[in-house]
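For reference, the structure discussed in these notes is given below.
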Amino acid sequence: MTSPGPAVWRDILRRRVVTIAALLAVWAVGIEARLVLLQVVRHGELMARAERQQMQTQPLPPKRGDILDRHGRILATSVDTDSIVAVPKEISDAKDVVQRLCGALGDCTPKDQQNLVERLSQPRAFAYVRRQVPQDQAQRVAALSLDGIGSVKESKRFYPNRELAAHLLGWVGLDNKGLDGLESAYDAQIRGKAGTVLVHTDARRHAFSRFERPPTSGSSVELTIDEYLQHIAERELHAGVLENRAAGGSAIIMNPHTGEILAMANEPTFNPNAFRDFDDAERRNRAVQDLYEPGSTFKVVTVSAALEEKVMSPETMIDTNPGRIQVAPGRIVKENENHNYGVLSLSDVIVKSSNVGAIKIGFKLGTDRLSRFVSLFGFGHPVSPDFPGESPGIVWSPSKWTDGALASVSMGYQVGVTPLQIVTAVSSVANGGEYVEPRAIRAVYRNGVRYAVTPKVVRRTISPDTAALMTSIMEGVVDADHGTAHAAKIPGYTIAGKTGTASKLVNGHYSHSEYNASFVGFLPSRSPAVAIVVVIDSPHGPNRYFGGTVAAPIFKRIAEPTLRYLGVGPTINPPAPIFAARHDETASPASDTPANDPVVSLIADGEPGTLPDLRGMSAREAVRALVKLGLNARVSGDGVVVSQEPAPGMPLEPGALCRLTLERSPRRSKRAGPP
Amino acid sequence: MEPFEYAIKKDVRNNPIVREVDEARQREMWKSVGIAGFLVAVLLFSAWQHFELLRHGYQIEQLQRDRAAEEETTRRLRLEIETLKSPKRIEALAIDQLHLVAPSRDEAIVIERVVPTDPPAKSVVARR
Chain A
56 MTSPGPAVWR DILRRRVVTI AALLAVWAVG IEARLVLLQV VRHGELMARA ERQQMQTQPL
116 PPKRGDILDR HGRILATSVD TDSIVAVPKE ISDAKDVVQR LCGALGDCTP KDQQNLVERL
176 SQPRAFAYVR RQVPQDQAQR VAALSLDGIG SVKESKRFYP NRELAAHLLG WVGLDNKGLD
236 GLESAYDAQI RGKAGTVLVH TDARRHAFSR FERPPTSGSS VELTIDEYLQ HIAERELHAG
296 VLENRAAGGS AIIMNPHTGE ILAMANEPTF NPNAFRDFDD AERRNRAVQD LYEPGSTFKV
356 VTVSAALEEK VMSPETMIDT NPGRIQVAPG RIVKENENHN YGVLSLSDVI VKSSNVGAIK
416 IGFKLGTDRL SRFVSLFGFG HPVSPDFPGE SPGIVWSPSK WTDGALASVS MGYQVGVTPL
476 QIVTAVSSVA NGGEYVEPRA IRAVYRNGVR YAVTPKVVRR TISPDTAALM TSIMEGVVDA
536 DHGTAHAAKI PGYTIAGKTG TASKLVNGHY SHSEYNASFV GFLPSRSPAV AIVVVIDSPH
596 GPNRYFGGTV AAPIFKRIAE PTLRYLGVGP TINPPAPIFA ARHDETASPA SDTPANDPVV
656 SLIADGEPGT LPDLRGMSAR EAVRALVKLG LNARVSGDGV VVSQEPAPGM PLEPGALCRL
716 TLERSPRRSK RAGPP
Chain P
3 MEPFEYAIKK DVRNNPIVRE VDEARQREMW KSVGIAGFLV AVLLFSAWQH FELLRHGYQI
63 EQLQRDRAAE EETTRRLRLE IETLKSPKRI EALAIDQLHL VAPSRDEAIV IERVVPTDPP
123 AKSVVARR
């Protein structure tokens, strides 16, 4: 047998190579064709599918800004909570799933269960099981690992102080939108703007890269409210409403110079963390939404107008005999409790709260002038943009004022005002005649920058002289023997105020059993730190229904701790200032003592580990020295330290109490030597 | 007579002949090898970069989730602190448990009224 020659072999090789090359070419063409199909022909469709599968665009909800009090304490903040969600299409046995879910949630009613079964039985892609559940409930549900049940994070608003300033703060709905109060008024700023995030995921849906358009966090808002003063106002208002068996009440503490609302309390109140559990009456901000006829507190406006227009002076005598006056045909107005005050000075009209006197002043003023001052004092229109739903009040058009209306307005009837309007009006008397816009926002924090809100003086209501006259007249309401507000008196402090007792309109008639009792005042009257209004709705308690017996004591109970908290010292016979020599100067007595004999000694450090001699030091210096040594101080008396217990030189015991006795006439220290 | 066939087998001695090295081809070859090696290195580096990117992507994602969780924990703790510091709660504890009473008018002495000054209208503040 002969082997094929080289030519034959070459032929065979060539054929095989061609065959393989052809196969490869077909394979390559096939691949290329497929590539062209995928990359060119179906490019758009497949790109869209890939994007759907690999990239997820998720909304990034913004963080709602916090609401803080004036010292930066949190009044409202947002925290992420879990919401239980379901994919009903993936649930085969809804009844069983709901039973297990309710077992984990632990608080389902039969009605909830039924609703849930109905919702999860529908062939939908998404359904909420329960939104914003507590952490323990979410963990129990997650532990079940149910098919078609999961959770998503949602931001929830929390109010850590519960009822504190609830009416002012308002509340936020499930969709993170402010629904009432400041949460609603400043929703645009507090809410922020949502962002988006584009997430790339792998085949296992694990994200490995993201492109963010970050959300803009909401601005934090710093209120003028002081958490502690708000607590005081709410506590005392609550006690006052209970004591007087009243339907409700309001109290406002305001800085009369800046218009800052330091506290705004309402009763009844509610917990904004569970706002759905309360009705509208409990959630209503009475201090800015409820109108009432102010009664005698409005006489401040009438008399201020008379003084400003120089129609009368404080000494002008007004005959109020015989204790009643006919203001219109068939309409007679009497003094309270059928009193007859006789002839009164203008000051005494306020002090004794004479209706007849106020009406006569009103008649003397006339409609034009009185209505102008009613408007100047801010009645008849909203006074601040910070309070959504604020009532503008009711003030008749002057053209409609009859003699009867003029008489009514003069003594605080036939006008509807809010407690905020009254305290703002009286604040303008307190600060020397400037009407300052009341405000609840002190500053806004945006991107780490604090933007302060400055006080806004809207207009001048009365001159400083008139304001000073009104202040001294209003002091008589509290101080004078025949004043109507003795119960508001705080020893050591001058207080200017005015009581109000106004009959309520019930079914179109003035009631003889339902009244609004109020008191508005400011203190210390000559240098006011705060103006306070207290309005009590329908008191039926042992103190009857008068502003002087119902509202004035509440005013006092609010004012006392407020003064203590603000560090406002007594203004009547105030203690003389304490003089103490500075450490870094040679003693140079300011008194009539010899120049080489200092009144007070300098602190002299004793032996290490022993108590120093504190005698002759001011209370402040002594307390400071003790605190530095880690000791507690108990101070009695005022003036300079005259004795101390333990005595100087005694061994120090950390945390021990040192009693200091102060006296106003400083004794010469035995240890003090010539400078 | 048959023709005499013979063949003279010439002994070709080419041992001394040495193929001449083609320097140009040699350089070409090394150049090609170098380029190929470089391309492979670039390819490997690129692949390494890609996988490192992926690995870091996962890490960053995890760290961002951790940071968000920590921030949320901080917010929760702050909320808890504020709840515990509520004046109503503190007052209840002071009165009911510690039997404290509010100081009377005579027991409180105003040593010095400290009125904190307001910050300027626009000021940069530390992030909370």
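These protein sequence lines are chains A and P, in that order.
Here this note's numbering runs 55 ahead of the position in the first sequence, where the first position is 1.
Here this note's numbering runs 2 ahead of the position in the second sequence, where the first position is 1.
Glycine included, each C-beta is placed from N, C-alpha and C at the ideal position.
Rounded straight-line distance, which links the Cα of residue j to that of residue i
{"i": "residue 643(A)", "j": "residue 111(P)", "result": "For residue 643(A), the pLDDT reaches just 41, beneath the cut-off of 50, and the residue's location in the model is therefore unreliable, leaving the point undetermined."}
{"i": "residue 181(A)", "j": "residue 138(A)", "result": "13 Å"}
{"i": "residue 407(A)", "j": "residue 594(A)", "result": "22 Å"}
{"i": "residue 245(A)", "j": "residue 77(P)", "result": "17 Å"}
{"i": "residue 127(A)", "j": "residue 317(A)", "result": "14 Å"}
{"i": "residue 573(A)", "j": "residue 425(A)", "result": "22 Å"}
{"i": "residue 153(A)", "j": "residue 141(A)", "result": "11 Å"}
{"i": "residue 545(A)", "j": "residue 588(A)", "result": "16 Å"}
{"i": "residue 224(A)", "j": "residue 310(A)", "result": "19 Å"}
{"i": "residue 431(A)", "j": "residue 513(A)", "result": "10 Å"}
{"i": "residue 659(A)", "j": "residue 304(A)", "result": "Any reading at residue 659(A) must be qualified, since the residue scores a pLDDT of 38, below 50, and its modelled position is unreliable; the value itself is stated next. In a straight line, the C-alpha of residue 659(A) is about 56 Å away from that of residue 304(A)."}
{"i": "residue 89(P)", "j": "residue 283(A)", "result": "7 Å"}
{"i": "residue 657(A)", "j": "residue 714(A)", "result": "Caution applies to residue 657(A), whose pLDDT of 34 falls short of 50 and renders its modelled position unreliable; the model cannot decide the point."}
{"i": "residue 719(A)", "j": "residue 692(A)", "result": "8 Å"}
{"i": "residue 277(A)", "j": "residue 328(A)", "result": "20 Å"}
{"i": "residue 441(A)", "j": "residue 494(A)", "result": "6 Å"}
{"i": "residue 706(A)", "j": "residue 678(A)", "result": "18 Å"}
{"i": "residue 349(A)", "j": "residue 190(A)", "result": "49 Å"}
{"i": "residue 254(A)", "j": "residue 59(P)", "result": "11 Å"}
{"i": "residue 79(A)", "j": "residue 102(A)", "result": "29 Å"}
{"i": "residue 592(A)", "j": "residue 569(A)", "result": "8 Å"}
{"i": "residue 337(A)", "j": "residue 325(A)", "result": "6 Å"}
{"i": "residue 275(A)", "j": "residue 100(A)", "result": "46 Å"}
{"i": "residue 684(A)", "j": "residue 108(P)", "result": "27 Å"}
{"i": "residue 70(P)", "j": "residue 135(A)", "result": "10 Å"}
{"i": "residue 486(A)", "j": "residue 312(A)", "result": "6 Å"}
{"i": "residue 712(A)", "j": "residue 686(A)", "result": "6 Å"}
Pair within 8 Å by beta-carbon distance, residue i and residue j
{"i": "residue 393(A)", "j": "residue 412(A)", "result": "no"}
{"i": "residue 212(A)", "j": "residue 272(A)", "result": "no"}
{"i": "residue 576(A)", "j": "residue 533(A)", "result": "yes"}
{"i": "residue 585(A)", "j": "residue 287(A)", "result": "no"}
{"i": "residue 262(A)", "j": "residue 130(A)", "result": "no"}
{"i": "residue 115(A)", "j": "residue 251(A)", "result": "yes"}
{"i": "residue 281(A)", "j": "residue 125(A)", "result": "yes"}
{"i": "residue 414(A)", "j": "residue 388(A)", "result": "yes"}
{"i": "residue 351(A)", "j": "residue 556(A)", "result": "yes"}
{"i": "residue 522(A)", "j": "residue 491(A)", "result": "no"}
{"i": "residue 466(A)", "j": "residue 559(A)", "result": "no"}
{"i": "residue 366(A)", "j": "residue 429(A)", "result": "no"}
{"i": "residue 551(A)", "j": "residue 582(A)", "result": "no"}
{"i": "residue 543(A)", "j": "residue 610(A)", "result": "yes"}
Paired residues, beta bridge with residue i - DSSP
{"i": "residue 278(A)", "result": "496(A)"}
{"i": "residue 700(A)", "result": "714(A)"}
{"i": "residue 575(A)", "result": "553(A), 588(A)"}
{"i": "residue 692(A)", "result": "717(A)"}
{"i": "residue 731(A)", "result": "Not covered by the structure: residue 731(A). The range shown for chain A is 56 to 730."}
{"i": "residue 164(A)", "result": "The partner list for residue 164(A) (beta bridge, DSSP) is empty, contrary to what the question assumes."}
{"i": "residue 25(P)", "result": "None; residue 25(P) has no bridge partner."}
* Under 7 Å (Cβ pairs) to chain P, residues found in the segment 693–707 of chain A -> 693
* Pull out every residue of the segment 471–487 of chain A whose Cβ sits closer than 9 Å to any Cβ of chain P, in chain order. => none
* To do: Give a yes or no on contact between the segment 334–354 of chain A and the segment 463–476 of chain A, applying the rule of three or more CB pairs nearer than 8 Å.
  => Yes, the segment 334–354 of chain A is in contact with the segment 463–476 of chain A.
* To do: Residues of the segment 219–240 of chain A with a CB closer than 8 Å to any CB of chain P: list them in chain order, please.
  => 219
* How about the segment 294–312 of chain A and the segment 145–161 of chain A: do they share at least three Cβ pairs that are nearer than 8 Å? -> no
* Asked: Counting pairs of Cβ atoms below 8 Å between the segment 608–627 of chain A and the segment 344–361 of chain A, do you hit three or more?
  -> no
* To do: Note down, in chain order, all residues in the segment 606–625 of chain A with a beta-carbon under 9 Å from any beta-carbon belonging to chain P.
  => 615, 616, 618, 619, 621, 622, 623, 624, 625
* Any chance the segment 228–245 of chain A sits against the segment 84–94 of chain A, with 3 or more Cβ pairs inside 8 Å? -> no
* To do: Check whether the segment 668–678 of chain A touches the segment 693–709 of chain A, taking contact to mean three or more Cβ pairs, one atom from each stretch, closer than 8 Å.
  => yes
* Three or more C-beta pairs below 8 Å linking the segment 451–467 of chain A and the segment 478–491 of chain A -> no
* **Residues in the segment 51–70 of chain P having any Cβ partner in chain A nearer than 7 Å** => 56, 59, 60, 63
* Contacting positions in the segment 487–511 of chain A - beta carbon closer than 9 Å to chain P -> 497, 498, 500, 503, 504, 505, 506, 507, 508, 509
* Asked: Are the segment 557–565 of chain A and the segment 368–385 of chain A touching by the rule of at least three beta carbon pairs closer than 8 Å?
  -> no
* **Residues in the segment 271–289 of chain A having any Cβ partner in chain P nearer than 9 Å** => 275, 282, 283, 285, 286, 287, 289
* Taking a Cβ distance cut-off of 8 Å, strictly less, list which residues of the segment 36–51 of chain P are near chain A, in chain order. => none
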